[in-house]
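Here is the structure we will look at, set down as structure tokens.
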Amino acid sequence: MCLETIYQLSQHPKNHTRMVKDNILPALFDVVHSSLKSNKHKTLAMKTISELCKHEGNHKKIMDFDQQSGIKRIIKLCEYYHDAVRIYAAKSVEFLAVNPFLVQKLTEEGVLDPLKDMIKSDKQNVVAAAVHALCALARDSQNQVLIARKNLIPHLLKKANCGVDEIEQGITLTLALLAQSNINRPKIMFHGGFKPLIYNAQYGSASLLVCESYLNRPLQEDGRSAEAISKRADVSLQAAGSQERRARASSCQQVQRGTEDAP
Numbered sequence: 438m439c440l441e442t443i444y445q446l447s448q449h450p451k452n453h454t455r456m457v458k459d460n461i462l463p464a465l466f467d468v469v470h471s472s473l474k475s476n477k478h479k480t481l482a483m484k485t486i487s488e489l490c491k492h493e494g495n496h497k498k499i500m501d502f503d504q505q506s507g508i509k510r511i512i513k514l515c516e517y518y519h520d521a522v523r524i525y526a527a528k529s530v531e532f533l534a535v536n537p538f539l540v541q542k543l544t545e546e547g548v549l550d551p552l553k554d555m556i557k558s559d560k561q562n563v564v565a566a567a568v569h570a571l572c573a574l575a576r577d578s579q580n581q582v583l584i585a586r587k588n589l590i591p592h593l594l595k596k597a598n599c600g601v602d603e604i605e606q607g608i609t610l611t612l613a614l615l616a617q618s619n620i621n622r623p624k625i626m627f628h629g630g631f632k633p634l635i636y637n638a639q640y641g642s643a644s645l646l647v648c649e650s651y652l653n654r655p656l657q658e659d660g661r662s663a664e665a666i667s668k669r670a671d672v673s674l675q676a677a678g679s680q681e682r683r684a685r686a687s688s689c690q691q692v693q694r695g696t697e698d699a700p
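Take 438 as the starting number for the sequence shown in the numbering used here and just add one per residue.
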């Protein structure tokens with residue numbers, strides 16, 4: 438009951454700084470790491486920690502917690518056996534990665550290995566949390582190279598057509614960010630990463646980011662500008678729409694003919 442109340446309080450952004458100042462972090466980490474607490478209690482504590490991670494003003498205190506072990510503790514929780522706990526640990530990583538200082542520290546502390554294991558999971562909510570965290574980390578240029586070195590690209594592509602929009606779009610955006618690195622582009626090409634990127638550039642909701650961050654830079658080497666690529670995508674969309682309209686019109690004509698010929 439107490440943890441439920443604390444979590445509800447943490448859902449209000451105005452309470453984030455006050456709760457950390459009131460030294461709530463030690464109690465929450467004690468619950469998560471206690472062998473005497475149930476997974477339900479640990480999940481509530483981890484959810485609260487992830488909410489507190491949304492406020493950048495708390496990031497330094499989380500990092501400095503218990504002799505600068507706060508980041509390591511959260512990363513370790515991404516390996517926890519209970520799915521709900523590691524999902525909210527991954528969400529904490531996603532929120533911490535917004536900080537330009539912590540975005541590299543997270544990878545230095547080894548966050549990519551547990552995220553890789555989460556992406557391999559058969560559970561969609563686990564994969565989605567890991568993909569969002571990885572996408573946040575991939576916004577840093579050094580992390581882009583490290584993610585590719587950890588051989589995460591083929592694992593991302595295995596989930597690129599899973600049928601869940603949230604996961605597919607997250608993977609597409611992550612690949613677009615990874616493709617900003619010259620080192621990563623051959624790896625993406627080798628594993629067939631162009632297909633989801635090009636498809637999303639033409640038909641997906643994330644087309645703007647793909648055109649600007651992926652198609653612009655690698656394809657400029659072929660002498661094509663971002664504007665030309667965007668126009669090409671628009672032409673493809675218009676052509677697809679025209680084909681669909683022609684098919685519908687043809688179908689209607691056939692129906693009308695059949696009606697007229699009927700006795």
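C-beta atoms are modelled at their ideal positions from N, C-alpha and C, and glycine is treated no differently.
- Quick one: Cα of residue 463 to Cα of residue 501, how far? Inter-residue distance for residue 463 and residue 501 is about 12 Å (C-alpha atoms, whole angstroms).
- So, helix, strand or coil for residue 501, using DSSP? helix
- Work out the CA separation of residue 455 and residue 563 for me, nearest whole Å. 30 Å
- Item | Distance, residue 539 Cα to residue 511 Cα | 13 Å
- Task: Work out the CA separation of residue 524 and residue 625 for me, nearest whole Å.
- Result: 27 Å
- Message: Given this structure, state the Cα-to-Cα distance separating residue 635 from residue 440, to the nearest angstrom.
- Response: 46 Å
- Would you tell me roughly how many angstroms separate the C-alpha atoms of residue 477 and residue 576, rounded to the nearest one? So the two alpha carbons sit approximately 33 Å from each other.
- Look at the Cβ atom of residue 608, then the Cβ atom of residue 597, and state whether they are nearer than 7 Å. In contact: residue 608 and residue 597 (Cβ atoms closer than 7 Å).
- Message: Is the separation between the beta-carbon of residue 565 and that of residue 603 shorter than 7 Å?
- Response: yes
- Give the secondary structure of residue 565 by DSSP, where H, G and I count as helix, E and B as strand, and everything else as coil. helix
- Message: Once DSSP output is grouped into helix, strand and coil, what is the label at residue 621?
- Response: coil
- Message: With H, G and I counted as helix, E and B as strand and the rest as coil, what does DSSP make of residue 612?
- Response: helix
- Which ranges does the alpha helix (DSSP H) cover as unbroken runs of at least 4 residues, wholly within the region 462-496, from first to last along the chain? 462-470, 476-489
- Which residues in the same chain as residue 569 place their Cβ atom closer than 6 Å to its Cβ, once the five residues preceding and following it in sequence are excluded? 531, 607
- Expected contact under 8 Å - CB spacing of residue 480 and residue 447 to nearest Å: Incorrect: roughly 13 Å between the Cβ atoms, too far for contact.
- Work out the CA separation of residue 585 and residue 667 for me, nearest whole Å. For residue 667, the pLDDT reaches just 40, beneath the cut-off of 50, and the residue's location in the model is therefore unreliable, although a value from the coordinates is still provided. Going from the Cα of residue 667 to the Cα of residue 585 covers about 27 Å.
- Distance, Cα to Cα, residue 590 vs residue 621? 9 Å
- residue 537 - DSSP class collapsed to helix/strand/coil: coil
- Task: Count the other C-beta atoms from every protein chain shown that fall within 10 angstroms of the C-beta of residue 466, then say buried if there are 16 or more, exposed otherwise.
- Result: buried
- Query: Short check: CB of residue 452 to CB of residue 496, under 7 Å?
  - Reply: no
- Could you check where the alpha helix (DSSP H) with residue 595 kicks off and where it finishes? 590-595
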